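Engineer: Residue numbers (my numbering): 8 to 267.
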Amino acid sequence: MILVYEEGIARLYEVIGEKYSPGLGEYWLKNCKYVKVLLAVSDKDEVVGKVTLDLAYLPYAEIVNLMVHPNYRGIGISTFLLRECIKVAEERNFVMQYLMTDLGNKIAHRLYSKHGFIPTILPRKGLPGKSMWLHRFSKESFIKEFQNSYYLLEYSVSKDKVSIKNEKLYRVKWADPITWDRLILYFKGQPGQPSKSSGTMPRISGVQVRKNEIRLEILVKEKSKNISQEDYSIFVLEVTNTGKRGFLVNKKLSLFQEFL
Numbered sequence: 008m009i010l011v012y013e014e015g016i017a018r019l020y021e022v023i024g025e026k027y028s029p030g031l032g033e034y035w036l037k038n039c040k041y042v043k044v045l046l047a048v049s050d051k052d053e054v055v056g057k058v059t060l061d062l063a064y065l066p067y068a069e070i071v072n073l074m075v076h077p078n079y080r081g082i083g084i085s086t087f088l089l090r091e092c093i094k095v096a097e098e099r100n101f102v103m104q105y106l107m108t109d110l111g112n113k114i115a116h117r118l119y120s121k122h123g124f125i126p127t128i129l130p131r132k133g134l135p136g137k138s139m140w141l142h143r144f145s146k147e148s149f150i151k152e153f154q155n156s157y158y159l160l161e162y163s164v165s166k167d168k169v170s171i172k173n174e175k176l177y178r179v180k181w182a183d184p185i186t187w188d189r190l191i192l193y194f195k196g197q198p199g200q201p202s203k204s205s206g207t208m209p210r211i212s213g214v215q216v217r218k219n220e221i222r223l224e225i226l227v228k229e230k231s232k233n234i235s236q237e238d239y240s241i242f243v244l245e246v247t248n249t250g251k252r253g254f255l256v257n258k259k260l261s262l263f264q265e266f267l
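(1) Could you tell me which whole alpha helix (DSSP H) segments of length 4 or greater appear in the stretch 23 to 96?
(2) So, helix, strand or coil for GLN197, using DSSP?
(3) What would DSSP say about ILE16, mapped onto helix, strand or coil?
(4) Nearest by alpha-carbon distance to ALA47: which of GLY199, SER240 and SER85 is it?
(5) Please report the distance separating the alpha-carbon of LEU65 from that of ARG99.
(6) With DSSP as the reference, label ILE150 as helix, strand or coil.
(7) Roughly how many angstroms separate the alpha carbons of SER163 and TYR193, rounded to a whole number?
(8) Give the DSSP bridge partners of VAL102, in chain order.
(9) So, for TYR79: in the same chain, excluding its five sequence neighbours on each side, which residues have a beta-carbon less than 8 Å away from its beta-carbon?
(10) Could you give the distance in angstroms between the alpha-carbon of LEU244 and the alpha-carbon of SER212?
(11) Rounded to the nearest angstrom, what separates LYS218 and GLY123 at their Cα positions?
(12) Does the ligand NAD have a heavy atom nearer than 7 Å to the CB of LYS121?
(13) Counting only the same chain and skipping the five closest in sequence on each side, list residues whose C-beta sits under 8 Å from that of GLU265.
(14) Please state if the CB of SER148 and the CB of VAL75 are separated by a distance shorter than 8 Å.
(15) For ILE70 and CYS92, which I take to be in contact (beta-carbon distance under 8 Å), what is that distance rounded to the nearest angstrom?
(16) CB-CB under 6 Å to THR247, same chain, minus the five flanking residues each way: which ones, in chain order?
(17) Classify PHE266 as helix, strand or coil using the three-state DSSP reduction.
(18) Check this for me: beta carbons of LEU118 and ALA96, under 8 Å apart or not?
(19) Can you list, in chain order, the residues of its chain with a C-beta nearer than 6 Å to that of ILE185? Leave out the 5 residues immediately preceding and following it.
(20) With C-beta atoms as the reference, is ILE191 less than 8 Å away from LYS175?
(21) Quick check: ALA68 and GLN104, are their CB atoms within less than 8 Å of each other?
(22) Taking Cβ to Cβ, would you say LEU141 is nearer than 8 Å to LEU106?
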């Protein structure tokens, strides 16, 4: 199906002002286990909308290159494609969806916020960078479980990296002003897409939670520069419990997954 519409996809890229790389359709087909391409096609068989959904690493699903033909904007195509991405991701247990958007694109901000996306990695003030990362957490995630336990949560996001046990990470925090319970997520990454030589996809590298008698801090320290499906990666998992409730940690953790 992708190859049937590849010429139309290329024309859409051209109209949008993006570069379409020859052979991209073949790449999508070759990696269809991990990459889904969703299209909006008019009654004239013209490709008027397109988005890519990257499903390579559970539980993260990346939404990439959501685009709509200028003549077809304002009629709900972006909303349709975004909802389909969320649906496909959640059906495959990818409970954290994320995407990158421009700081000044208020139309996109409105669309994403309506569907539960929030800023998680912002560029540092005064430094070059016009992009930010947004994340959405499905109801099956532990983040949504925490959020649903309170009515007056305050949300904040750091505009620069913060220090935690010799690690420099971005911080997102939810706090209940009544009980002082809180959930803090620490993200590894950078405001824009990683370059070929450095950087990483945004991912949670630390969690701090205070809820009732629970006081937990979990931190992942990566010892391998790259994480891939084809090779092993080494990391250190630090779990600190200062609460009154005990926990068992499974020392035989496995990150191998079967993807649908």
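Virtual Cβ for every residue (Gly too), placed ideally from N, Cα, C. As the structure is a computational prediction, the values presented were derived from the model and not from experiment.
Structural biologist: Taking the coordinates as given:
(1) 31 to 37
(2) Locating residue 197 in the sequence shown gives position 190, counting from the first residue. Looking at GLN197 - three-state DSSP - the assignment turns out to be coil, as it is neither helix nor strand.
(3) Taking the first residue of the sequence shown as 1, we reach residue 16 at position 9. Residue state, collapsed to three classes: helix.
(4) Here residue 47 is taken as the residue at index 40 of the sequence shown, counted from 1. Checking every option, the nearest Cα to that of ALA47 belongs to SER85.
(5) The residue you call residue 65 lines up with position 58 of the sequence shown. The residue you call residue 99 lines up with position 92 of the sequence shown. Approximately 9 Å between the Cα atoms of the pair.
(6) Here residue 150 refers to the residue found at position 143 of the sequence shown. DSSP places ILE150 in helix when its eight states are reduced to three.
(7) On the sequence shown, residue 163 is found 156 positions in, with the first residue counted as 1. On the sequence shown, residue 193 is found 186 positions in, with the first residue counted as 1. Their backbone Cα atoms lie some 12 Å apart in a straight line.
(8) Here residue 102 refers to the residue found at position 95 of the sequence shown. Per DSSP, none; premise fails for VAL102.
(9) As a first step, residue 79 is located in the sequence shown; it is residue number 72 there, counting from the start. So the list reads ALA47, SER49, VAL55 and GLY56, once near-sequence residues are dropped.
(10) In the sequence shown, the residue the question calls residue 244 occupies position 237. In the sequence shown, the residue the question calls residue 212 occupies position 205. Cα-Cα distance, rounded: 10 Å.
(11) Start at 1 with the first residue of the sequence shown, and residue 218 comes out as number 211. Start at 1 with the first residue of the sequence shown, and residue 123 comes out as number 116. Each residue's Cα considered, the two are about 23 Å apart.
(12) Ligands are entirely absent from the displayed structure, and the ligand NAD is therefore not among its contents.
(13) Sequence index remark: in the sequence shown, residue 265 carries index 258 (1-based). Confidence is the limiting factor: at GLU265 the pLDDT is only 38, short of 50, which leaves the residue's position unreliable, though a coordinate-based value still follows. Closer than 8 Å at Cβ, skipping near neighbours: no residue.
(14) Along the sequence shown, one-based indexing puts residue 75 at 68. Along the sequence shown, one-based indexing puts residue 148 at 141. No, the pair does not count as a contact, with Cβ atoms beyond the cut-off.
(15) Position 63 of the sequence shown, counted from the start, is the residue given in the question as residue 70. Position 85 of the sequence shown, counted from the start, is the residue given in the question as residue 92. Right, their Cβ atoms sit about 5 Å apart.
(16) Counting from one through the sequence shown, the residue named residue 247 turns up at place 240. Around THR247: GLU224.
(17) Within the sequence shown, the letter at position 259 stands for residue 266. Because the pLDDT at PHE266 is just 34, under 50, the model does not fix this residue reliably, and the point stays unresolved.
(18) Taking the first residue of the sequence shown as 1, we reach residue 118 at position 111. Taking the first residue of the sequence shown as 1, we reach residue 96 at position 89. Result no, Cβ atoms of LEU118 and ALA96 do not sit closer than 8 Å.
(19) Position 178 of the sequence shown, counted from the first residue, corresponds to residue 185. Here the set comprises nothing.
(20) Mapped onto the sequence shown, residue 191 falls at position 184. Mapped onto the sequence shown, residue 175 falls at position 168. Taking 8 Å as the Cβ cut-off, ILE191 and LYS175 do not qualify as a contacting pair.
(21) Taking the first residue of the sequence shown as 1, we reach residue 68 at position 61. Taking the first residue of the sequence shown as 1, we reach residue 104 at position 97. Yes, Cβ-Cβ distance for ALA68 and GLN104 is below 8 Å.
(22) The count along the sequence shown starts at 1 and reaches residue 141 at position 134. The count along the sequence shown starts at 1 and reaches residue 106 at position 99. Taking 8 Å as the Cβ cut-off, LEU141 and LEU106 qualify as a contacting pair.
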